[in-house]
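In my numbering, the protein residues as written are 48 to 418. Quick reminder that beta carbons are idealized off the backbone N, C-alpha and C, glycines included. As the structure is a prediction and not an experimental result, all values here were calculated from the model.
What follows is the structure, given as structure tokens:
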């Protein structure tokens, strides 16, 4: 067994189906296995997805045990030489797996790899490469200095924005949305620390990989991550959970900074929660920003009329315009997931919005949908 892919799912059935199909395509020609651990979605996720994939190994929890523990349930049983931790709202490609395998085989000190993640509209996600959240790095992140000085090696270490996104780099932290790991190393470390329920467990695991004498690497190979679009990053709950995870990390790895760091982080939580409240009030006053367009559509398919009819699109073009705004609908029956990711990456700009027609379920998957 060469590759084990582990996906933890919670109430994202349409994204999950697409992720599994992309994983199956990415594994073609390789001996691999796919695990899906459902954290008690308590909806029709499992009845919807499970019958479609008889060769996928499903674990159904009777309650939400959290991201770390759910992953560990499959990590302990993974048989592949390499294990991929994958979010259920991603699209992975054969090129991504091929490059990661080659890098691992030619860099024996590489313990884990992260990729060039793009969102559903092709924009680079800066969390693809990060530094360890030392007290100074955390201070710059919490109080916005990293955003004010994005090109500064002094202030912008959190997302390492000053490193060329199109070159491979040894980095500190990998995103939990995609972690390509050596299975023996992952298992010897016990997988994720289950003290983390959600957020922070990827930071902790990355840190422990480096402490074992291995390197984490960032490779500039594209994969798509809808970035948990259903998670409201400006919500007070998100801010609270995220920074509480940072406190767990500090208690574990930097106990000597307790008296200095804890007050700053707690102050930062209040600061970010205040910003979240102001943003929410502002959006109510101004009105929600519209994502996508209602009018101009482009349908990319071998049967554009059929796809447009299924999607209730009455007027459309069949080529992406050079500069005009457009909604682009890509048919996954006509294009491989590799081609879909390449198309989104190569045509990304502010006024183009991408959607995927999931032919097996006859629905349109769009970055802002829920599940």
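- Local Cβ density within 10 Å of residue 58, reported as buried at 16 or more and exposed below that: Start at 1 with the first residue of the chain shown, and residue 58 comes out as number 11. Label assigned to residue 58: buried.
- Message: In the DSSP output, which residue or residues are listed as bridge partners for residue 229?
- Response: In the chain shown, counting from the first residue as 1, residue 229 sits at position 182. Answer is 129.
- Message: In the DSSP output, which residue or residues are listed as bridge partners for residue 56?
- Response: Numbered from 1 along the chain shown, position 9 holds the residue referred to as residue 56. Beta-bridge pairing links residue 56 to 85.
- Sequence ranges, beta strand (DSSP E) only - wholly within the stretch 191 to 245, length at least 3: Given a length threshold of 3 residues, each whole run of the beta strand (DSSP E) inside the stretch 191 to 245 is given here in chain order: 216 to 218, 225 to 229.
- Query: CB residue 108 to CB residue 86, shorter than 8 Å?
  - Reply: Residue numbering aside, residue 108 sits at position 61 when the chain shown is read from its first letter. Residue numbering aside, residue 86 sits at position 39 when the chain shown is read from its first letter. Yes, Cβ-Cβ distance for residue 108 and residue 86 is below 8 Å.
- Task: Compute the beta-carbon to beta-carbon distance between residue 376 and residue 345, rounded to the nearest angstrom, for a pair I have assumed lies under 8 Å.
- Result: Counting from one through the chain shown, the residue named residue 376 turns up at place 329. Counting from one through the chain shown, the residue named residue 345 turns up at place 298. Their Cβ separation, rounded to whole angstroms, is 7 Å, which keeps residue 376 and residue 345 in contact under 8 Å.
- Task: Confirm, please, whether the CB-CB distance from residue 147 to residue 221 is below 8 Å.
- Result: Along the chain shown, read from residue 1 onward, the residue named residue 221 stands at position 174. Along the chain shown, read from residue 1 onward, the residue named residue 147 stands at position 100. When the beta-carbon positions are compared, residue 221 and residue 147 stay at least 8 Å from each other.
- Going straight from the alpha carbon of residue 132 to that of residue 400, what length do you get? Sequence index remark: in the chain shown, residue 132 carries index 85 (1-based). Sequence index remark: in the chain shown, residue 400 carries index 353 (1-based). Taking the straight line joining both Cα atoms gives about 27 Å.
- Under the assumption that residue 144 contacts residue 233 (Cβ atoms under 8 Å), give the Cβ distance between them as a whole number of angstroms. By one-based count along the chain shown, residue 144 stands at place 97. By one-based count along the chain shown, residue 233 stands at place 186. Contact between residue 144 and residue 233 does not hold, since the beta-carbon distance rounds to 16 Å and is not under 8 Å.
- Task: Classify residue 76 as buried or exposed, calling it buried when 16 or more other Cβ atoms lie within 10 Å of its own Cβ.
- Result: In the chain shown, residue 76 corresponds to position 29, counting from 1. Flag for residue 76 reads exposed.
- Skipping 5 residues on each side, what residues in its chain have a beta carbon closer than 6 Å to that of residue 64? Numbered from 1 along the chain shown, position 17 holds the residue referred to as residue 64. Sequence-distant Cβ neighbours of residue 64 in its own chain, meaning closer than 6 Å and more than five residues away, are 96.
- What whole-angstrom Cβ distance do residue 165 and residue 269 have, given they're in contact under 8 Å? If you number the chain shown from 1, residue 165 lands on position 118. If you number the chain shown from 1, residue 269 lands on position 222. In this structure residue 165 touches residue 269 by the C-beta definition: roughly 6 Å separates them, less than 8 Å.
- Task: With DSSP as the reference, please indicate the residues paired to residue 159 in a beta bridge.
- Result: Residue numbering aside, residue 159 sits at position 112 when the chain shown is read from its first letter. Beta-bridge pairing links residue 159 to 228, 263.
- Message: Taking contact to mean 3 or more Cβ pairs, one atom from each stretch, closer than 8 Å, check whether the stretch 202 to 221 and the stretch 149 to 161 are in contact.
- Response: yes
- Query: On the three-state DSSP scale, how would you describe residue 111?
  - Reply: Taking the first residue of the chain shown as 1, we reach residue 111 at position 64. In this structure, residue 111 counts as coil in the three-state DSSP scheme.
- Can you tell which of 112, 397, 93, 101 has its C-alpha closest to the C-alpha of residue 241? Position 194 of the chain shown, counted from the start, is the residue given in the question as residue 241. Considering only alpha carbons, the answer is 112.
- Message: Checking 8 Å against the spacing of the C-beta atoms, do residue 91 and residue 60 come in under that value?
- Response: Within the chain shown, numbered from 1, the residue matching residue 91 stands at position 44. Within the chain shown, numbered from 1, the residue matching residue 60 stands at position 13. A contact, by the Cβ cut-off of 8 Å.
- Item | CB contact flag (residue 205, residue 184, <8 Å) | For the purposes of this step, residue 205 is taken as the residue at position 158 of the chain shown. For the purposes of this step, residue 184 is taken as the residue at position 137 of the chain shown. Yes, the pair counts as a contact, with Cβ atoms nearer than the cut-off.
- Task: Have a look at 173, 254, 248, 230 and flag the residue whose alpha-carbon is nearest the alpha-carbon of residue 213.
- Result: In the chain shown, residue 213 corresponds to position 166, counting from 1. The shortest Cα separation from residue 213 among 173, 254, 248, 230 belongs to 173.
- Could you have a look at residue 408 and say whether DSSP puts it in helix, strand or coil? As a working note, residue 408 is residue 361 in the chain shown. Coil, per DSSP.
- Task: Let me know the secondary structure DSSP gives residue 374 once reduced to three states.
- Result: For the purposes of this step, residue 374 is identified with residue 327 of the chain shown, where counting begins at 1. Residue 374: strand per DSSP, three-state reduction.
- Could you check if residue 374 is buried or exposed, using at least 16 other CB atoms within 10 Å of its CB as the buried criterion? Walking along the chain shown from the start, residue 374 turns up at place 327. Buried.
- Would DSSP call residue 80 helix, strand or coil? For the purposes of this step, residue 80 is identified with residue 33 of the chain shown, where counting begins at 1. Three-state DSSP puts residue 80 in a strand.
- Using beta-carbon positions only, say whether residue 239 and residue 118 come within less than 8 Å of one another. For the purposes of this step, residue 239 is taken as residue 192 along the chain shown, with counting starting at 1. For the purposes of this step, residue 118 is taken as residue 71 along the chain shown, with counting starting at 1. Yes, these two residues count as a Cβ contact at 8 Å.
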